[in-house]
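Chemist: Dropping the structure in here first, questions after.
2 protein chains.
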Amino acid sequence: MAVTLADVAAHAKVSSATVSRVLSGNYPVSEATRTRVLRAVDELDYVLNGPASALAAASSDLVGILVNDIADPFFGIIAGAVQSETGGTAGDEKLSVVCNTGGSAERELTYLTLLQRQRAAAVVLTGGATEGTAGHADAVAAKLARLAAAGTRVVLCGRPPLPVPPEAAGGEPPAATLTFDNRGGAQRLTEHLLSLGHRRIGYVTGPPDRTTTRHRLEGHRAALAAAGLAEPGAGSGSGSGSPGSGSGSGGLGRLTVHGTFDRSSGYDATLELLRREPGLTAVVAANDTIALGACAALRDQGLRIPQDVSVAGFDDLPFSVDAVPALTTVRLPLHAAGARAGRIAMGREAVPPGGVATVRADLMARASTAPPPGR
Amino acid sequence: MAVTLADVAAHAKVSSATVSRVLSGNYPVSEATRTRVLRAVDELDYVLNGPASALAAASSDLVGILVNDIADPFFGIIAGAVQSETGGTAGDEKLSVVCNTGGSAERELTYLTLLQRQRAAAVVLTGGATEGTAGHADAVAAKLARLAAAGTRVVLCGRPPLPVPPEAAGGEPPAATLTFDNRGGAQRLTEHLLSLGHRRIGYVTGPPDRTTTRHRLEGHRAALAAAGLAEPGAGSGSGSGSPGSGSGSGGLGRLTVHGTFDRSSGYDATLELLRREPGLTAVVAANDTIALGACAALRDQGLRIPQDVSVAGFDDLPFSVDAVPALTTVRLPLHAAGARAGRIAMGREAVPPGGVATVRADLMARASTAPPPGR
DNA sequence: CGCTTTGAGGCAAGCGCTTTCCCCCGCTGT
DNA sequence: ACAGCGGGGGAAAGCGCTTGCCTCAAAGCG
Chain X
629 MAVTLADVAA HAKVSSATVS RVLSGNYPVS EATRTRVLRA VDELDYVLNG PASALAAASS
689 DLVGILVNDI ADPFFGIIAG AVQSETGGTA GDEKLSVVCN TGGSAERELT YLTLLQRQRA
749 AAVVLTGGAT EGTAGHADAV AAKLARLAAA GTRVVLCGRP PLPVPPEAAG GEPPAATLTF
809 DNRGGAQRLT EHLLSLGHRR IGYVTGPPDR TTTRHRLEGH RAALAAAGLA EPGAGSGSGS
869 GSPGSGSGSG GLGRLTVHGT FDRSSGYDAT LELLRREPGL TAVVAANDTI ALGACAALRD
929 QGLRIPQDVS VAGFDDLPFS VDAVPALTTV RLPLHAAGAR AGRIAMGREA VPPGGVATVR
989 ADLMARASTA PPPGR
Chain W
629 MAVTLADVAA HAKVSSATVS RVLSGNYPVS EATRTRVLRA VDELDYVLNG PASALAAASS
689 DLVGILVNDI ADPFFGIIAG AVQSETGGTA GDEKLSVVCN TGGSAERELT YLTLLQRQRA
749 AAVVLTGGAT EGTAGHADAV AAKLARLAAA GTRVVLCGRP PLPVPPEAAG GEPPAATLTF
809 DNRGGAQRLT EHLLSLGHRR IGYVTGPPDR TTTRHRLEGH RAALAAAGLA EPGAGSGSGS
869 GSPGSGSGSG GLGRLTVHGT FDRSSGYDAT LELLRREPGL TAVVAANDTI ALGACAALRD
929 QGLRIPQDVS VAGFDDLPFS VDAVPALTTV RLPLHAAGAR AGRIAMGREA VPPGGVATVR
989 ADLMARASTA PPPGR
């Protein structure tokens, strides 16, 4: 039905092999022939058959990007940056397949299989891995190893490195990893609050089964602990290896409330925090979106920011600087990290030594934090 | 190198045809055989070769989504919604390929060709079509017609319908279209401001070569005109057919300033507006992001919102309700529209009669607009 | 009881490309 | 002038799957 290579070949009076060579460009073809072929391609309006090409060449030009939620600017920015490196650059353009996992390891696995099926050239995984469902995390790791073995480049961006498989401890890491310094950033943020004089600091976390959530909380607690303010009932940030222990909401201190990474949970959690500790002088949120909800809740309670209560977020999404007052937060260089991930995925940049690079997370002190009312 | 169908067949002691039938499921296979095959698939860790399958079956399970900028929540939300319908639902899961066109018709064309090459099952185009580069718009339309002819479902979401090709005036429209009521929404928004008593209303538009920009501006002017306030030098919203006339920034009234769809252009444009007309009592922005920039600019000039100047946006992105004060805007049901586009793309929902459906745009009057200071 | 119907599964022909061989032709070296 | 050589181009063998067609056996029928 459609125009095929053979049609073009006939039209240009050459063999189909020649046409293929002209199109792929990796074989010497005389100038005369090349123009003749190109003319024929043009006249017949020929478009290469991707599947056939991929089958014959045993490679495709698809790059997969797994995100938790594409509607969330956090992921949107990363995905966009990855694309800017993998996308329609003349020459070796790749098509990027963005897959919404919703943060579920199960769907992650599904998509990974789908991408494996397409023989994707590379896969970039972003977002926190869900650790909840025990078997899945391992299954994901195993799948990634298999993808890597099949020649797909695997890059993790903004998630912790894969556990090194015990059997192949010496081998190449199956995935290049760009991990954000969530722990350090969170720690610096809370230190900032402490140095302003805050002592009653509430914390609104993300979903308990995300590593991102856990690492940020650990940083927060480390800062608290260093100031001699360890919360009761909080097992301060220790080993990151043991998933099993409890489904999450146990063991949190009185000033820590779990939420999801969205605005309304930030709103509700802040109300809850206020109920538990009316004398709160600061609220730290696990991300900017939660912080926005926190601001709304505080304002609805008649509290002024930052005069009565300071608020801080994490991520430094574009809207944060426009919040009123401008939000103190921790900047994650999402675009830069995504772009780097994209370059690694394209094989244009070397994998960081050891397979893992930590991306810095800088404190952005802005107007939403100030000394507590007492001082 | 990889496990193939034949390997599975050998392992299960059946022919490869049978394995294929078991996997595709559209052919009667006895229960005993099916389990045997499935077991073999499992044991060998077999993954179908997508390209080979697509080649043989002459169809693929890719859906393309073209957006201007995936990092922009406007597009992120639509893309996410499309995916929720086309994505990993058990059974006929499709992989969605998100392509950032950056609003350039040229890149749009590039991606369309790439998708055509992949024999995509469907393509959803969002975002305003750039009309600037004359030939490209036609080329895009022609390409879409060709895609449609080749069996790819084409859906336009949030952009105007394709011009009906003169030759095939009676035929099926090549694309199903979901178009936002930008003109009507903008008109209602400006009417709202007028009814509050505003007369000196500044307008910050988007890029001049987008239909979205134009339609919103037309609605704004229609409202102005109806109130007897037509701006000098503004050819009030008339025919939408003639692209050629001028590259855009001519013909705008004194109170209209062009920007791009981003925050900083909103900031700059608002400053410019203030310079031109210090007595301004309201600023209408072509979208929420611009409005945020406008708010920042006004605030930096010591003006209060809404007591001194009212501000309104368009789109009702999630952050708009959290702006301080909450932003008056026009709500576009992005998620619903995207989901519907996805369903149409999957062939699960009928194309609207005539091929075109208009999606409503409702005024959301919030705290950022109030009567002007005089009254 | 022999013959037709029917369901399950095998055979093999491609799908449209890439790529390995190989050949042909014109050029250089001696 | 002839063997040698190298570059441009053709023939054809797959790549791994889907599917039309056919076979075979068990079941249904008169």
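For the protein sequence lines, the chains are X and W, in the order given.
Residue numbering for the first sequence follows the numbering used here, starting at 629 and increasing by one per position.
Residue numbering for the second sequence follows the numbering used here, starting at 629 and increasing by one per position.
Cβ atoms here follow ideal geometry from the backbone N, Cα and C, with glycine treated the same way.
(1) So that I know if they touch, is there some Cβ in chain X lying closer than 8 Å to that of glutamine 746 of chain W?
(2) For the beta strand (DSSP E) containing alanine 630 of chain X, list its first residue and its last residue.
(3) At 9 Å on the CB atoms, spell out the chain W contacts of aspartate 766 of chain X, in chain order.
(4) Going along the chain, which residues of its own chain have a beta-carbon closer than 8 Å to the beta-carbon of aspartate 635 of chain X, five neighbours each way excluded?
(5) Looking at proline 679 of chain W and leucine 651 of chain X, is the spacing between their C-beta atoms short of 8 Å?
(6) In angstroms with no decimal places, state the Cα-to-Cα distance between proline 980 of chain W and threonine 805 of chain W.
(7) Starting from the Cα of glutamine 929 of chain X, find the closest Cα among X:Gly856, X:Gly786, X:Gln815, X:Glu900 and give me that residue.
(8) Cβ of asparagine 728 of chain X less than 8 Å from any chain W Cβ?
(9) Closer than 8 Å, CB to CB, is tyrosine 831 of chain W near chain X or not?
(10) Could you pull out every residue in the same chain whose Cβ sits closer than 6 Å to the Cβ of arginine 816 of chain W, ignoring the five residues on either side in sequence?
(11) Determine contact between the segment 769-778 of chain W and the segment 940-947 of chain W, defined as no fewer than three beta-carbon pairs at a distance below 8 Å.
(12) Please report the straight-line C-alpha distance between leucine 902 of chain X and glycine 921 of chain X, rounded to a whole angstrom.
(13) Would the beta-carbon of threonine 807 of chain W be found less than 7 Å away from any heavy atom of the ligand SAM?
(14) Identify the residues that DSSP records as bridge partners of isoleucine 705 of chain X: which are they?
(15) Report, in whole angstroms, the separation of the C-beta atoms of glycine 786 of chain X and alanine 989 of chain X, which I expect to be a contact under 8 Å.
(16) Give me the DSSP bridge partner(s) of leucine 753 of chain X.
(17) Taking valine 725 of chain X as the query, report the chain W residues whose CB atoms sit under 8 Å from its CB, ordered along the chain.
(18) Rounded to whole angstroms, what's the CA-CA distance from serine 870 of chain W to histidine 826 of chain W? Just pull it up for me.
(19) Looking at the structure shown, is histidine 639 of chain W part of a helix, part of a strand, or coil, going by DSSP?
(20) Would you mind sorting arginine 932 of chain W into buried or exposed? The rule is 16 or more other CB atoms within 10 Å of its CB.
(21) Look up phenylalanine 947 of chain X in the DSSP assignment and say whether it is helix, strand or coil.
(22) Buried or exposed for glycine 692 of chain W, going by 16 or more other Cβ atoms inside 10 Å?
(23) Assuming threonine 661 of chain W and valine 631 of chain W are in contact, meaning their beta carbons sit under 8 Å apart, how far apart are those beta carbons, in whole angstroms?
(24) Could you check if proline 1000 of chain X is buried or exposed, using at least 16 other CB atoms within 10 Å of its CB as the buried criterion?
(25) Below 8 Å CB to CB, which residues in the same chain sit around leucine 737 of chain X once its five sequence neighbours on both sides are set aside?
(26) Does the distance from the C-beta atom of glutamate 721 of chain W to that of aspartate 670 of chain W stay below 8 Å?
(27) Rank W:Asn728, W:Arg667, W:Leu908, W:Arg649 by C-alpha distance to the C-alpha of arginine 882 of chain W and give the top, closest one.
(28) Where threonine 663 of chain W and glutamine 746 of chain X are concerned, what is the direct C-alpha to C-alpha distance, given to the nearest angstrom?
(29) Do the segment 807-814 of chain X and the segment 830-845 of chain X make contact, defined as three or more Cβ pairs closer than 8 Å?
(30) Closest Cβ-Cβ distance between proline 701 of chain X and chain W: below 8 Å?
(31) Looking at chain X, is there any beta carbon in it that lies within less than 8 Å of the beta carbon of arginine 891 of chain W?
(32) Identify every residue that forms a DSSP beta bridge with histidine 886 of chain W.
(33) Determine the contact status of methionine 974 of chain X and threonine 729 of chain X, defining contact as a CB-CB distance below 8 Å.
(34) What beta strand (DSSP E) runs, 3 residues minimum, are completely inside the segment 885-946 of chain W?
(35) By how many angstroms is the C-alpha of glutamine 711 of chain X removed from the C-alpha of asparagine 696 of chain W?
(36) Quick check: what's the CA-CA separation for alanine 978 of chain X versus leucine 742 of chain X?
Modeler: Here's the rundown:
(1) So yes, glutamine 746 of chain W belongs to the interface.
(2) For alanine 630 of chain X, no beta strand (DSSP E) run applies, since DSSP gives it neither H nor E.
(3) At a C-beta separation below 9 Å, aspartate 766 of chain X has no neighbours in chain W, since its nearest C-beta there lies roughly 15 Å away.
(4) Leu672, Tyr674.
(5) Taking 8 Å as the Cβ cut-off, leucine 651 of chain X and proline 679 of chain W do not qualify as a contacting pair.
(6) Spanning the two alpha carbons is a distance of roughly 8 Å.
(7) Selection X:Gly856, X:Gly786, X:Gln815, X:Glu900 evaluated against glutamine 929 of chain X yields X:Glu900 as nearest (Cα-Cα).
(8) For asparagine 728 of chain X, the closest Cβ of chain W is nearer than 8 Å.
(9) Residue-level contact check: tyrosine 831 of chain W does not touch chain X, since none of the beta carbons of chain X fall below 8 Å from its beta carbon.
(10) Within the same chain, arginine 816 of chain W has close Cβ partners Leu991.
(11) Between the segment 769-778 of chain W and the segment 940-947 of chain W there are fewer than three C-beta pairs closer than 8 Å, too few to call the two in contact.
(12) Between leucine 902 of chain X and glycine 921 of chain X, the C-alpha separation is close to 14 Å.
(13) No copy of the ligand SAM occurs in the structure displayed, which carries no ligand at all.
(14) For isoleucine 705 of chain X, DSSP records no beta bridge to any residue.
(15) Actually they are not in contact, since the Cβ atoms of glycine 786 of chain X and alanine 989 of chain X sit about 11 Å apart, beyond 8 Å.
(16) Leucine 753 of chain X is bridged to X:Leu694, X:Leu784.
(17) Ordered by position in chain W, the residues that pass the 8 Å Cβ test against valine 725 of chain X are Leu690, Leu723, Ser724, Val725, Val726.
(18) Any reading at serine 870 of chain W must be qualified, since the residue scores a pLDDT of 36, below 50, and its modelled position is unreliable; no value is offered.
(19) In this structure, histidine 639 of chain W counts as helix in the three-state DSSP scheme.
(20) Exposed, by the Cβ-count rule.
(21) Phenylalanine 947 of chain X falls in the helix class under three-state DSSP.
(22) It is buried - the Cβ of glycine 692 of chain W has at least 16 other Cβ atoms within 10 Å.
(23) Going by Cβ atoms, the distance from threonine 661 of chain W to valine 631 of chain W rounds to 19 Å, so no, they are not a contact pair.
(24) Buried, by the Cβ-count rule.
(25) The residues are His764, Ala767, Val768, Lys771.
(26) With respect to aspartate 670 of chain W, glutamate 721 of chain W sits apart: the two C-beta atoms are not nearer than 8 Å.
(27) Taking the Cα of arginine 882 of chain W as reference, the smallest distance to any Cα among W:Asn728, W:Arg667, W:Leu908, W:Arg649 is reached at W:Leu908.
(28) Approximately 25 Å, taken between the alpha carbons.
(29) Segments in contact, yes.
(30) Using a Cβ-Cβ cut-off of 8 Å, proline 701 of chain X counts as an interface residue toward chain W, since at least one Cβ of chain W sits closer than that to its own.
(31) Judged by the 8 Å Cβ criterion, arginine 891 of chain W is in contact with chain X.
(32) For histidine 886 of chain W, the pairing in a beta bridge is given by DSSP as W:Thr833.
(33) Their beta carbons are not under 8 Å apart, which means methionine 974 of chain X does not touch threonine 729 of chain X by this criterion.
(34) Qualifying beta strand (DSSP E) stretches, in chain order: 910-913, 938-940.
(35) Taking the straight line joining both Cα atoms gives about 12 Å.
(36) Each residue's Cα considered, the two are about 26 Å apart.
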